[in-house]
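Notes for the one structure printed next.
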Amino acid sequence: MAQADSYLHGSDIHPIDIVETIAAHREWEFDRLADDQIAMSVEGQWRSYAVTLAWSPAEEMLRLICTFDMDPPADKMGSLYQVLNMANDQVWDGAFTFWPSQRLMVWRYGLVLAGDSLASPEQIDHMIRTAVEQAERLYPAFQLAVWGDSTPEAAMDIAIGEAYGRA
10 MAQADSYLHG SDIHPIDIVE TIAAHREWEF DRLADDQIAM SVEGQWRSYA
60 VTLAWSPAEE MLRLICTFDM DPPADKMGSL YQVLNMANDQ VWDGAFTFWP
110 SQRLMVWRYG LVLAGDSLAS PEQIDHMIRT AVEQAERLYP AFQLAVWGDS
160 TPEAAMDIAI GEAYGRA
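In the working numbering, the protein residues as written are 10 to 176.
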């Protein structure tokens, strides 16, 4: 990405142009949906993730949404919401949620760029990388809580590699 860095550090580069350059450099499939929005597919270890970034000049925010399908049985929704709350306690930026009508797990994050601030390629790359890393890290917990016989607590312990019990 070093060659692209000189181009991307200009003072009037649109944030979605930066995202497009990063996606092309990483060889991710992407589609520029509009001047202010881009969607891409990022392969993880567990699955593919749909990542969308949108720029809102009115809110001065670059918003990232990373999604993957999840269709939990109705009787497991309580477990899913419990593990979601526990997962959100483990992260510093962004948050997980579940969109029931679309049957999607969602990681959301907004980068505020108020006062004509500019997003750097490193910031945007970090946003995307963090979204996929968090989804990968906690995907097993969501699966175990919904499809396994694990309690939300046990699912989180297994997913984040914490030992059971305390010394």
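Just so you know, even glycine gets a beta-carbon here, dropped at the ideal spot from N, CA and C. Because the structure is a prediction, the values reported are computed rather than measured.
Asked	Found
Which listed residue (L147, G157, G170, D40) has its alpha carbon closest to that of M95	L147
Segment contact flag, the segment 159 to 169 with the segment 108 to 120, C-beta cutoff 8 Å, min 3 pairs	no
Same chain, Cβ closer than 6 Å to Y16, five either side skipped, listed in chain order	For Y16, the predicted model reports a pLDDT of 48, less than 50, meaning its position is unreliable and no value from the coordinates is stated.
I133 beta carbon less than 8 Å from that of I22	no
3-residue-minimum beta strand (DSSP E) runs that sit fully inside the segment 72 to 152, ordered along the chain	104 to 108, 113 to 121
N-terminal and C-terminal residue of the beta strand (DSSP E) that E38 is part of	38 to 43
Backbone CA spacing between Q185 and D45 [nearest angstrom]	In the structure displayed, the chain extends from 10 to 176; residue 185 sits before or after that span and is not available.
Distance, W37 Cα to P66 Cα	26 Å
Beta carbon of L89 nearer than 8 Å to that of F107	yes
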